[in-house]
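In my numbering, the protein residues as written are -19 to 210.
For glycine and all other residues, C-beta sits at the position ideal for the given N, C-alpha and C.
All figures in this text were calculated on a predicted structure; none of them were measured in a lab.
Here is the structure:
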C-alpha cells in the first residue's frame, strides 16, 4: 500500500475522514469511527489494499466516540491489534475514569432548553453505552514511528486533555484528529463550544499550522492542502 491513505466513513449526518499508514509490521489505522463501524471499516480498508486481519495497530487520537467507538469491535476480530493512545487519554479510553465528553454532556443537560433535552438525554445514553478497550502502548509528544514513511506524535491538547496528532517527518501530511477541522477552505478549531480547554485548543492549532505541512488530514472537513508548499 501507499505510505498513507485516507478512509471515508459515511454516516447519516456526517462523513469522517480517517487515515491508514503503512508500517514495517503492518498497516496502522488512526481512529476508527463510531460504534458499529466494523463492516464499513473493512470495506474502506479493502479499498486501500489492506485486509482487516492485516491491521497491526490502531492509534486513538482521543476518547470521543466518533474516534474510538469501534475500537472494541476491531480488537475482537483482530486480537493481535496493538492500540496506541496518549498517557492522558488512556484512562478514559480504558474506562478507568469517566469519559469527559459524557461528564460534559451531563453537566450541560440541566442548562439545555426544554426542546433540546430529549436530544441531550439520547447523547448521554450513547456515551454511556460506549465500549472501552485496553490501551497497549502509551505514546508521548515527540515519539517517532516508521508508520507512513516516518512520523511523530504531537501533543495537541484542548479538545480533550490528552489529544494527539501525527506528523510526517518530511511534512508530507499531518493527521489532526479533532485538533483542527477544515471550514470554509481553512483550518479552524474543531467544535470550539465542545473543547474542554479552548485556549489550549487554539494553541494546539497554531502549533499544527507552524509545521506548514503539504496536507492536513482532518477527521471533519477532509483534506486541507497547504498553499505554496514546496
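Proximity below 9 Å, CB of residue i to CB of residue j
i: residue 62; j: residue 117; result: yes
i: residue 180; j: residue 138; result: yes
i: residue 34; j: residue 13; result: no
i: residue 127; j: residue 154; result: no
i: residue 2; j: residue 8; result: yes
i: residue 156; j: residue 104; result: no
i: residue 37; j: residue 15; result: no
i: residue 54; j: residue 32; result: yes
i: residue 69; j: residue 114; result: no
Inter-residue spacing [alpha-carbon to alpha-carbon] between residue i and residue j
i: residue 177; j: residue 143; result: 11 Å
i: residue 64; j: residue 102; result: 29 Å
i: residue -16; j: residue 203; result: 13 Å
i: residue 82; j: residue 45; result: 10 Å
i: residue 196; j: residue 150; result: 13 Å
i: residue 182; j: residue 129; result: 28 Å
i: residue 185; j: residue 169; result: 7 Å
i: residue 152; j: residue 97; result: 44 Å
i: residue 17; j: residue 159; result: 22 Å
i: residue 40; j: residue -12; result: 16 Å
i: residue 99; j: residue 76; result: 27 Å
Neighbourhood of residue i by C-beta, 7 Å cutoff - its chain only, sequence neighbours within 5 removed
i: residue 79; result: 43, 72, 107 and 110
i: residue 189; result: 167
Practice item. Counting only runs of 4+ residues fully inside the stretch 61 to 122, write out the alpha helix (DSSP H) ranges in chain order. Key: 70 to 73, 80 to 89 and 97 to 108
**Study point:** Segments assigned beta strand (DSSP E), at least 3 residues, entirely inside the stretch 127 to 161
**Key:** 131 to 135, 144 to 148 and 153 to 157
Practice item. Report yes or no: do the stretch 112 to 130 and the stretch 159 to 172 share at least 3 C-beta pairs separated by less than 8 Å? Key: no
Check your understanding: For the stretch 16 to 63, which segments carrying the alpha helix (DSSP H) assignment without a break, of at least 4 residues, lie completely within its bounds, in sequence order?
Key -> 18 to 27, 45 to 48 and 51 to 57
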